[in-house]
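Asks: Under the numbering used here, the first residue of the sequence shown is numbered 6, with each subsequent residue one higher.
The C-beta atom is built at its ideal place from N, Cα and C for all residues, glycine as well.
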Amino acid sequence: MIIYLATREVFLQHVREQRIEEEVRKRYFDLTGHKVAANEFRAWQNSLQCVGNVLQFKEIPPELGVAIEYKIHNTAKRIDLLLSGRNANGAPAAVIVELKQWETVEPTELDGVVRTFLGKGPRETTHPSYQAMSYGALLRGFNTAVVEHGIALQPCAYLHNCVNGSGLTDARYRPYLERAPLFLRHDNAAMATFLRRCLEVGDRGRTIERIRDGKAKPSQQLADAVERMLMGNTAFVLIDEQKVVYEQALALARRIREARHTVLLVQGGPGTGKSVVAVNLLARLLGMGLNARYVSKNAAPRAVYRAKLTGSLQKGEYDNLFCGSACFVGCPEGFYDALIVDESHRLMTKTIYDKEGENQVKEIIHASKLAVFFLDEDQRVTFDDIGSTAEIEKWSQFHEAELQRAELPSQFRCSGSDGYLAWLDSTLGIRPTANERLDPGSYDVRVFDDPVALHEAIRQANHSNQARMVAGYCWNWASKYHPNAWDITIEPWGYRARWNLSKDGSVWIMKPGTVEEVGCIHTCQGLELETIGVIIGPDLAYRDGQVVTVPTARARTDQSLKGYKVGLKRDPQAIRLKADAIIRNTYRTLMSRGTKACWVFACDPELNGWLKQVAGGVEEF
6 MIIYLATREV FLQHVREQRI EEEVRKRYFD LTGHKVAANE FRAWQNSLQC VGNVLQFKEI
66 PPELGVAIEY KIHNTAKRID LLLSGRNANG APAAVIVELK QWETVEPTEL DGVVRTFLGK
126 GPRETTHPSY QAMSYGALLR GFNTAVVEHG IALQPCAYLH NCVNGSGLTD ARYRPYLERA
186 PLFLRHDNAA MATFLRRCLE VGDRGRTIER IRDGKAKPSQ QLADAVERML MGNTAFVLID
246 EQKVVYEQAL ALARRIREAR HTVLLVQGGP GTGKSVVAVN LLARLLGMGL NARYVSKNAA
306 PRAVYRAKLT GSLQKGEYDN LFCGSACFVG CPEGFYDALI VDESHRLMTK TIYDKEGENQ
366 VKEIIHASKL AVFFLDEDQR VTFDDIGSTA EIEKWSQFHE AELQRAELPS QFRCSGSDGY
426 LAWLDSTLGI RPTANERLDP GSYDVRVFDD PVALHEAIRQ ANHSNQARMV AGYCWNWASK
486 YHPNAWDITI EPWGYRARWN LSKDGSVWIM KPGTVEEVGC IHTCQGLELE TIGVIIGPDL
546 AYRDGQVVTV PTARARTDQS LKGYKVGLKR DPQAIRLKAD AIIRNTYRTL MSRGTKACWV
606 FACDPELNGW LKQVAGGVEE F
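1) Quick check: the region 460-480 against the region 527-538, are there 3 or more CB pairs under 8 Å?
2) Taking only the alpha-carbon atoms, compute the straight-line gap between residue 357 and residue 495 and give it to the nearest angstrom.
3) Where residue 567 and residue 382 are concerned, what is the direct C-alpha to C-alpha distance, given to the nearest angstrom?
4) Determine the closest residue to residue 30 out of 14, 259 and 10, with distance taken between C-alpha atoms.
5) Per DSSP, which residues does residue 129 bridge with? Please list them.
6) Please state whether the Cβ-Cβ distance between residue 368 and residue 303 is less than 8 Å.
7) Which residue comes first and which comes last in the alpha helix (DSSP H) that contains residue 297?
8) According to the Cβ coordinates, are residue 60 and residue 73 closer than 8 Å?
9) With distance defined between alpha-carbon atoms, name the residue in 274, 226 and 298 nearest to residue 285.
10) Might you give, ordered along the chain, the residues of its own chain that have their beta carbon closer than 6 Å to the beta carbon of residue 491, omitting 5 neighbours on each side?
11) Please state whether DSSP places residue 9 in a helix, a strand or coil.
12) To the nearest angstrom, how far is the alpha carbon of residue 16 from that of residue 213?
13) For residue 500, write down the residues that DSSP places opposite it in a beta bridge.
14) In three-state terms, what does DSSP make of residue 610?
15) State the DSSP-derived secondary structure class of residue 210, mapped to helix, strand or coil.
16) Can you check the region 359-437 for any beta strand (DSSP E) of at least 3 residues that lies completely inside it and give the ranges in chain order?
17) By the three-class DSSP mapping on this structure, what secondary structure does residue 181 have?
18) Under the assumption that residue 24 contacts residue 69 (Cβ atoms under 8 Å), give the Cβ distance between them as a whole number of angstroms.
19) Taking C-beta to C-beta, are residue 251 and residue 296 nearer than 8 Å?
20) Evaluate residue 468 with the Cβ neighbour count: other Cβ atoms within 10 Å of its Cβ, from every protein chain shown; 16 or more gives buried, anything less gives exposed.
21) Between which residues of its own chain and residue 487 is the CB-CB distance below 6 Å, once the five residues before and five after are set aside?
22) Considering only the beta carbon of each residue, do residue 289 and residue 255 sit closer than 8 Å?
23) By the 10 Å Cβ neighbour count, where 16 or more other Cβ atoms means buried, how is residue 610 classified, buried or exposed?
24) Please classify residue 554: is it buried, with 16 or more other beta-carbons within 10 angstroms of its beta-carbon, or exposed?
25) So, is residue 308 buried or exposed, given that buried needs 16 or more other C-beta atoms within 10 angstroms?
26) Quick test of your reading: residue 91 and residue 98, contact by CB under 8 Å. State the CB separation rounded to the nearest angstrom.
27) Which term fits residue 590, buried or exposed, when burial requires 16 or more other beta carbons within 10 angstroms of its beta carbon?
28) Using a Cβ-Cβ cutoff of less than 8 Å, which residues in the same chain neighbour residue 240 once the five nearest sequence positions on both sides are dropped?
29) Taking Cβ to Cβ, would you say residue 64 is nearer than 8 Å to residue 197?
30) Roughly how many whole angstroms lie between the Cα atoms of residue 576 and residue 585?
31) Check for me: the beta strand (DSSP E) holding residue 268 runs from which residue to which?
32) Roughly how many whole angstroms lie between the Cα atoms of residue 263 and residue 336?
33) Give me the Cα-Cα distance between residue 552 and residue 249, rounded to the nearest whole angstrom.
34) Measuring straight from C-alpha to C-alpha, what distance separates residue 498 and residue 300?
35) With residue 89 as the anchor, note down where its beta strand (DSSP E) starts and where it stops.
36) Identify whether residue 357 lies in helix, strand or coil by the three-state DSSP scheme.
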């Protein structure tokens with residue numbers, strides 16, 4: 006959808022008559038039937054007058070196409086300004102312009118992220134050059150018209166209120182600035198020259214119309230590139246049941262039909278290879294020419310598997326293949342051929358990002374012809390998590406979908422020890438099993454008396470960047486706004502540490518040097534390492550011969566148990582049971598991240614002592 010499309014001449018006439026924002030508002034209402042929010046109208050009023058100051062330069066072709074607010078096919082992404090014409094080679098071309106009203110911007114340690122004043126205060130947000138670049142990649146990868154007509158795309162960003170761009174041009178953003186040049190308040194002439202180089206002749210918006218009318222389908226170049234990345238990548242080799250489930254999903258994909266939904270529910274515990282199958286499926290379905298996406302609620306699995314697939318920790322053109330679970334509100338029925346949903350237990354009824362969302366399971370099935378859900382119900386770790394067998398069955402029936410099931414039973418993590426996971430279930434009080442004590446030698450479990458010693462042992466084990474510390478979310482994230490503050494403090498040992506995310510974002514678990522930081526459930530779920538060090542916070546304790554949970558010991562900054570106090574007043578028994586399960590599931594998830602070893606320290610002395618007993622007489626550290 007395009008709100009406004011005209012030639013440069015008509016656009017400048019609307020600007021000179023100071024009615025460009027009214028034209029856009031009128032066309033928006035005609036197309037959507039909705040009124041424009043006051044803040045958005047003011048943004049058009051400010052930004053489009055500044056765009057007119059650039060386009061008025063005489064070297065700009067008079068018949069240049071000008072589009073405002075192009076909504077990319079079935080995404081929430083909108084290109085602020087799209088200009089079209091023909092380049093020096095005579096090929097159709099378009100320039101993507103990301104418009105920002107920001108006045109001041111600060112760099113951050115996060116890849117492709119800056120900090121600026123948004124809403125009521127400073128917030129971290131995407132660098133505008135990266136944003137423009139990613140929109141270009143989305144069009145190149147998923148708009149058939151761009152490939153079929155050989156449309157050359159050039160992204161850029163224009164911050165018309167910003168005078169000092171030092172926070173934007175910091176060296177760490179160079180890869181994005183090289184691909185999407187940045188122009189500030191006093192760069193109008195330079196931007197006009199840039200546009201003239203990209204668009205030598207106008208086309209009266211014909212190229213924009215072709216982009217608008219193109220179909221959303223992965224390009225063959227994109228599909229081939231992803232399949233090449235998998236070749237020889239040992240991290241994604243399919244083994245035993247993984248291969249069977251993969252082939253079962255492909256068989257369903259080969260017979261997808263219009264106006265018919267199919268659901269494949271794949272159940273598997275920690276380390277059974279759910280994500281490996283998911284990424285392989287993504288690559289093969291793209292190779293089949295299907296419009297497919299890898300979906301997960303948490304950003305960490307998306308970022309890490311993209312990095313493992315591409316071999317790069319930096320953001321890039323493949324980001325659009327990996328999307329969040331809140332992207333499908335209002336999506337046309339069956340728009341996607343296939344949605345591959347990893348960590349399905351983390352799906353929600355609504356999200357803080359889109360209040361209109363009803364139920365993510367429902368929305369995903371509605372938006373796809375084939376939905377593949379990878380599920381482990383024992384990894385639901387917040388009050389908002391609704392992903393379950395019953396929920397998927399309910400919405401499959403609602404959509405009259407064909408529902409098939411598969412299982413990944415083999416354990417490839419935790420030294421392949423099913424006994425360790427059974428022991429974990431018994432120890433944490435999740436369910437009774439025959440494994441009340443850990444068999445010696447089945448898996449490397451160590452219980453430490455000192456968190457300082459535990460962290461030092463993890464440093465020593467990190468010789469291949471395969472050891473990290475994690476903890477229950479029982480300490481506030483103070484360093485988020487005060488970088489020198491300590492988050493996790495444990496007395497009397499004098500232990501001091503900071504949560505991750507401040508510098509390395511969702512790829513924290515892969516970045517060298519982050520062994521000094523501590524991860525939480527939100528940044529390690531769905532991922533694995535060789536050795537995991539786990540600090541069990543005061544939300545888990547041992548009293549009168551039983552493991553008990555203490556929900557009030559969770560940090561204020563943790564949203565997992567949001568609503569607990571209110572729930573105590575309404576239905577105390579139900580809310581306590583729900584919080585109890587979440588805390589136990591959290592530690593089950595944390596303690597099953599290690600492929601070779603899990604080393605533990607519990608803040609509660611009685612729990613620490615009891616863990617030593619049931620860990621098979623493990624040696625004290």
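Replies: In this structure, then:
1) Judged by Cβ distances under 8 Å, the region 460-480 makes contact with the region 527-538, as three or more pairs qualify.
2) Unreliable placement is indicated for residue 357, whose pLDDT of 45 sits below 50; the coordinate value is still reported in the next sentence. Rounded to whole angstroms, residue 357 and residue 495 show a C-alpha spacing of 32 Å.
3) If you take the alpha carbons of residue 567 and residue 382, they lie about 20 Å apart.
4) In this structure, 10 is the residue among 14, 259 and 10 with its C-alpha nearest to the C-alpha of residue 30.
5) Per DSSP, the beta-bridge partners of residue 129 are 120.
6) Their beta carbons are not under 8 Å apart, which means residue 368 does not touch residue 303 by this criterion.
7) Per DSSP, residue 297 belongs to no alpha helix (DSSP H); it is in the beta strand (DSSP E), 297-300.
8) No. Outside cutoff.
9) Ranked by how close their Cα comes to the Cα of residue 285, the residues 274, 226 and 298 have 298 in first place.
10) The residues 501, in chain order, have a CB closer than 6 Å to that of residue 491 in the same chain once the five nearest residues on each side in sequence are set aside.
11) When secondary structure is reduced to three states using DSSP, residue 9 falls in the strand class.
12) Pairing residue 16 with residue 213, the inter-Cα distance amounts to about 15 Å.
13) Assignment of beta-bridge partners to residue 500 by DSSP yields 495.
14) If DSSP states are grouped into helix, strand and coil, residue 610 belongs with the helices.
15) Under the three-state reduction of DSSP, residue 210 is assigned to coil, being neither helix nor strand.
16) Within the region 359-437, the complete beta strand (DSSP E) runs of at least 3 residues fall at 373-380 and 407-413.
17) Here residue 181 sits in helix by DSSP.
18) Taking 8 Å as the upper bound for CB-CB distance, residue 24 and residue 69 are not in contact here, some 20 Å apart.
19) For residue 251 and residue 296, no; Cβs fall outside 8 Å.
20) If you draw a 10 Å sphere on the C-beta of residue 468, you find fewer than 16 other C-beta atoms in it, and that means exposed.
21) Once the five neighbours on either side are set aside, residue 487 has no close Cβ partner at all.
22) The answer is yes: Cβ separation under 8 Å.
23) With fewer than 16 other Cβ atoms inside 10 Å of its own Cβ, residue 610 counts as exposed.
24) Residue 554 comes out buried.
25) Here residue 308 is buried. Its C-beta has 16 or more other C-beta atoms within 10 Å.
26) Right, the Cβ-Cβ distance comes to about 6 Å (below 8 Å), so this counts as a contact.
27) That one is buried.
28) Around residue 240: 281 and 313.
29) In this structure, residue 197 lies closer than 8 Å to residue 64 by Cβ.
30) When the Cα atoms are used, residue 576 and residue 585 turn out to be separated by approximately 14 Å.
31) 267-273 is the span of the beta strand (DSSP E), which, as asked, contains residue 268.
32) One C-alpha to the other measures close to 15 Å.
33) Cα to Cα, residue 552 sits roughly 39 Å from residue 249.
34) Going from the Cα of residue 498 to the Cα of residue 300 covers about 41 Å.
35) Annotation for residue 89: the continuous beta strand (DSSP E) segment containing it runs 83-91.
36) In this prediction, residue 357 has a pLDDT of 45, which is less than 50 and means its spatial position is unreliable; nothing more can be read from the coordinates.
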